[in-house]
Amino acid sequence: MIKVENVSFTYPSGVNALKNVSIEISNGEFVAIMGENGAGKTTLVKQFNGLLKPGEGDVYVDGRNTRDLSVAELSKDVGLVFQNADHQLFCETVEDEIAFGLRNFGFSNRVNKKRVKWALTLLNLQEYRKTSPFMLSGGERKRVALASVLAWKPRVTILDEPTVGQDQSQKERLLQFVRQLNTQGNTVILVTHDLEFVAECDPRVVLMSHGRIVADGPAKKILTNPKLIKKTSLILPQITQLFFRLADLGFPKDVISIYEAKELINDFVARRS
Amino acid sequence: MKAFEGLRFKRTSSFIHQLDPRVKFVLSCVVFILAIMFTELLPLTILLSVQLPLVYLAHVHKEWLSSLRSSLILATMIFLTNVIVGYMSSEFQLTSSVLTYSSSMTLRFVTLVASFSIFFLTTSPDDLGLALEQSHFPYEFAFAFTTAVRFVPVLANEAQMIIDAQKSRGLELEKGNFLKRIRNYLPILIPLIVNAIRRSLELAEAMESRAFGAKEHRTNLFALKIKMNDVLVLIVTLAILAFSIYIRLYVKIPIVEIPTF
Numbered sequence: 016m017i018k019v020e021n022v023s024f025t026y027p028s029g030v031n032a033l034k035n036v037s038i039e040i041s042n043g044e045f046v047a048i049m050g051e052n053g054a055g056k057t058t059l060v061k062q063f064n065g066l067l068k069p070g071e072g073d074v075y076v077d078g079r080n081t082r083d084l085s086v087a088e089l090s091k092d093v094g095l096v097f098q099n100a101d102h103q104l105f106c107e108t109v110e111d112e113i114a115f116g117l118r119n120f121g122f123s124n125r126v127n128k129k130r131v132k133w134a135l136t137l138l139n140l141q142e143y144r145k146t147s148p149f150m151l152s153g154g155e156r157k158r159v160a161l162a163s164v165l166a167w168k169p170r171v172t173i174l175d176e177p178t179v180g181q182d183q184s185q186k187e188r189l190l191q192f193v194r195q196l197n198t199q200g201n202t203v204i205l206v207t208h209d210l211e212f213v214a215e216c217d218p219r220v221v222l223m224s225h226g227r228i229v230a231d232g233p234a235k236k237i238l239t240n241p242k243l244i245k246k247t248s249l250i251l252p253q254i255t256q257l258f259f260r261l262a263d264l265g266f267p268k269d270v271i272s273i274y275e276a277k278e279l280i281n282d283f284v285a286r287r288s
Numbered sequence: 040m041k042a043f044e045g046l047r048f049k050r051t052s053s054f055i056h057q058l059d060p061r062v063k064f065v066l067s068c069v070v071f072i073l074a075i076m077f078t079e080l081l082p083l084t085i086l087l088s089v090q091l092p093l094v095y096l097a098h099v100h101k102e103w104l105s106s107l108r109s110s111l112i113l114a115t116m117i118f119l120t121n122v123i124v125g126y127m128s129s130e131f132q133l134t135s136s137v138l139t140y141s142s143s144m145t146l147r148f149v150t151l152v153a154s155f156s157i158f159f160l161t162t163s164p165d166d167l168g169l170a171l172e173q174s175h176f177p178y179e180f181a182f183a184f185t186t187a188v189r190f191v192p193v194l195a196n197e198a199q200m201i202i203d204a205q206k207s208r209g210l211e212l213e214k215g216n217f218l219k220r221i222r223n224y225l226p227i228l229i230p231l232i233v234n235a236i237r238r239s240l241e242l243a244e245a246m247e248s249r250a251f252g253a254k255e256h257r258t259n260l261f262a263l264k265i266k267m268n269d270v271l272v273l274i275v276t277l278a279i280l281a282f283s284i285y286i287r288l289y290v291k292i293p294i295v296e297i298p299t300f
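Residue numbers (this note's numbering), protein chains in the order written: chain A, 16 to 288; chain B, 40 to 300.
Right, here's the structure in full:
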């Protein structure tokens, strides 16, 4: 469990990125942290694995204060996958890249081999086992970066902007993968601008703006609130926009999922005919 | 990365900032020549203290001090090397002239750092490029130079992101013996270099698509103009140079010796 208590944080440059933020994330939860550029999303998740320590307030991971632990100790439980895969790939083969974290955390060779194989299969990378990560496409590099973190099976996985630069079919695969990860009992935290992607996932949404949490609740409630969405420089999901216009026909406004939309329209058509 | 702070341009407005970069360069060069000309403690001390009002005028004392602080290690090394060599060549005696000579060599180095720090702190990379260009330097070189200076903060920022990413994968930079620690930096250096190369290729393409090098002679949006203040500073600088040459040739400089214990 991650518990953030009245945390404020100011960068050395003087930017006040978090202002008295409090939030609790339980084990096995699926959370999307959203907000405009510079809202403090990345600064907040960097507190979770100790890359940044709070200026004021405290962050607890499973009851342990992050001030007392190193990034390495925390990362074993809280895996953070950065937005730009090019900021972390450096090995000669994909296999080595995935094993890097495992070796840092001191897993035995036998476990290493097993985990590398597991992670390669998980992200559909088996054929690139011996390929240099630098030869892969952008989407594949991103998958390698993800595999290299998932390999040590952190209980919490944080994905920073996972959908940026991914084509639609990659996004689809990512969506399935993230859901699967969550149903297996992992805590998954997404940091993203991609409203449509979040609408499909239907997680708990934490909305941030100017270093504060402005809303926290189920996606269905938050993503269909035009005032909140506008405040954070986002736009309503397309499905929701459609149902806002259909409201005069008696449709509800809080619809974000395509399946729910289909059901509602089916009902409507059946009643009419 | 901190070591570069003292050389990074600080965007404020002051008398020194507004001087023509070429005049400032001449000023720095004159300080350089003077520092080489004199080996005695007294003139070098004067040379260093003459720069203090300039720092004050430019409002860059904080950055200037930090660049002096980062030159401290090198200064100490220069001092020690001179003392050791002097000690050995004067039949293993720590004479007062050895100490004096070592001190003035160190002071000479600090003076040079101080003057070039003022130059870089008060001259924007753009002005510098313009100055190079208008001094008939080939544009390609001027451009390469300004680009290099401008990308230092970008690189520093990127290095921090890479460090964060690798730490999140369990990398501990401070772990292990000396050799291990050097190897710990590989996961940071490789992505940094690969990204820098990638960026330079992208930059080249972007420049070419904006017609870089299409014409032999390019025109500039801004042109540097010598103003009254620039002429004044230049005259004073050259007068000091002439005066110092006169002193060097015809006046005996009083020797200040550092006593031995």
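Beta carbons: idealized from backbone N, C-alpha and C, even for Gly. Just so we're clear, the structure is a prediction, and the values are computed from it rather than from any experiment.
Do the CB positions of residue i and residue j come within less than 8 Å of each other?
{"i": "A/A47", "j": "A/P218", "result": "yes"}
{"i": "A/E71", "j": "A/N21", "result": "yes"}
{"i": "B/F158", "j": "B/S67", "result": "yes"}
{"i": "A/H157", "j": "A/A100", "result": "According to the sequence displayed, residue 157 of chain A carries Lys and not His. Yes, they are a contact pair."}
{"i": "A/F63", "j": "A/V76", "result": "yes"}
{"i": "A/L247", "j": "A/S224", "result": "The amino acid at residue 247 of chain A is misidentified as Leu; the sequence shows Thr. Their beta carbons are under 8 Å apart, which means A/T247 touches A/S224 by this criterion."}
{"i": "B/L80", "j": "B/S129", "result": "no"}
{"i": "A/G154", "j": "A/Q185", "result": "yes"}
{"i": "A/I12", "j": "A/I40", "result": "The requested residue 12 of chain A is not part of the displayed model; chain A covers only 16 to 288."}
{"i": "A/C216", "j": "A/L243", "result": "no"}
{"i": "B/P60", "j": "B/L160", "result": "no"}
{"i": "A/K68", "j": "A/R82", "result": "yes"}
{"i": "A/L135", "j": "B/S207", "result": "no"}
{"i": "B/T276", "j": "B/V94", "result": "no"}
Short of 8 Å in beta carbon distance, which residues of its chain neighbour residue i, apart from the five on each side in sequence? Order them along the chain.
{"i": "B/Y126", "result": "Q132, L133, V137"}
{"i": "B/M40", "result": "Per-residue confidence for B/M40 stands at a pLDDT of 46, beneath the threshold of 50, marking its modelled position as unreliable; the derived number appears in the next sentence. A195, A198, listed in sequence order."}
{"i": "B/L280", "result": "V69, I72, L73"}
{"i": "A/I254", "result": "A214, V270, I271, S272, I273, A276"}
{"i": "A/G232", "result": "R219, V220"}
{"i": "B/Q90", "result": "V70, T150, A153, S154, I157"}
Between residue i and the rest of its own chain, which residues show a CB-CB distance below 6 Å, the 5 nearest in sequence each way excluded?
{"i": "B/P164", "result": "T185, V188, R189"}
{"i": "A/D269", "result": "K235, T239"}
{"i": "A/A54", "result": "M223, S224"}
{"i": "A/E278", "result": "none"}
{"i": "A/V171", "result": "V93, T202"}
Figure out for me which residue from the options has the closest Cα to the Cα of residue i.
{"i": "A/A214", "options": "A/D111, A/T239, A/F192", "result": "A/T239"}
{"i": "B/L231", "options": "B/S207, B/H256, B/M246, B/V191", "result": "B/V191"}
{"i": "A/T198", "options": "A/E39, A/F45, A/F24, A/S163", "result": "A/F45"}
{"i": "B/P298", "options": "B/G215, B/T139, B/Y224, B/Q57", "result": "B/T139"}
{"i": "B/I75", "options": "B/I284, B/E296, B/F251", "result": "B/I284"}
{"i": "A/E3", "options": "A/L95, A/L67, A/L66, A/F149", "result": "Since the first and last residues shown for chain A are 16 and 288, residue 3 of chain A lies out of range."}
{"i": "A/S90", "options": "B/G215, B/S106, B/M267, B/D203", "result": "B/D203"}
{"i": "A/K34", "options": "A/I204, A/T58, A/K18, A/F283", "result": "A/T58"}
{"i": "B/Q205", "options": "A/V284, A/L117, A/R286, A/E51", "result": "A/L117"}
{"i": "B/R50", "options": "B/V89, B/A97, B/F77, B/F71", "result": "B/A97"}
{"i": "B/I294", "options": "B/V69, B/T276, B/L83", "result": "B/L83"}
{"i": "B/F251", "options": "B/Q57, B/G215, B/Y289, B/A183", "result": "B/A183"}
{"i": "B/M246", "options": "B/K291, B/K101, B/E179, B/I227", "result": "B/E179"}
{"i": "A/G43", "options": "A/G180, A/K245, A/E142, A/M16", "result": "A/M16"}
{"i": "A/W133", "options": "A/I228, A/E110, A/R286", "result": "A/E110"}
{"i": "A/D263", "options": "A/F283, A/F115, A/E187", "result": "A/F283"}
{"i": "B/L288", "options": "B/F77, B/L58, B/I55, B/H56", "result": "B/F77"}
{"i": "A/I237", "options": "A/R125, A/Q181, A/M49", "result": "A/M49"}
{"i": "A/V19", "options": "A/R79, A/Y26, A/S28", "result": "A/R79"}
{"i": "A/R194", "options": "A/F212, A/Q181, A/Q183", "result": "A/F212"}
{"i": "A/P169", "options": "A/P267, A/A230, A/R125, A/L95", "result": "A/L95"}
{"i": "B/I201", "options": "B/H56, B/I229, B/I236", "result": "B/I229"}
Could you give the C-beta distance for residue i and residue j, rounded to a whole number, given that I count them as a contact under 8 Å?
{"i": "A/V159", "j": "A/L140", "result": "6 Å"}
{"i": "B/V122", "j": "B/D269", "result": "Actually they do not touch by this definition, with Cβ atoms about 42 Å apart."}
{"i": "B/L240", "j": "B/P226", "result": "About 23 Å; that fails the 8 Å criterion."}
{"i": "A/V36", "j": "A/R188", "result": "Actually they do not touch by this definition, with Cβ atoms about 33 Å apart."}
{"i": "B/L86", "j": "B/V272", "result": "Wrong, their Cβ atoms sit about 17 Å apart, outside the cutoff."}
Sorted by chain position, which residues of the same chain lie with C-beta nearer than 7 Å to residue i's C-beta, five sequence neighbours on each side aside?
{"i": "B/I117", "result": "M144, T145, F148"}
{"i": "A/E112", "result": "L104, C106, P148, V159, S163"}
{"i": "A/A114", "result": "N127, V131"}
{"i": "A/L137", "result": "A162, L165"}
Count Cβ pairs between the stretch 109 to 116 of chain B and the stretch 169 to 185 of chain B that sit closer than 8 Å; are there 3 or more? no
Using 8 Å as the cut-off, can you tell me whether the stretch 112 to 124 of chain A makes contact with the stretch 196 to 212 of chain A, which would need three or more C-beta pairs spanning the two stretches below that distance? no
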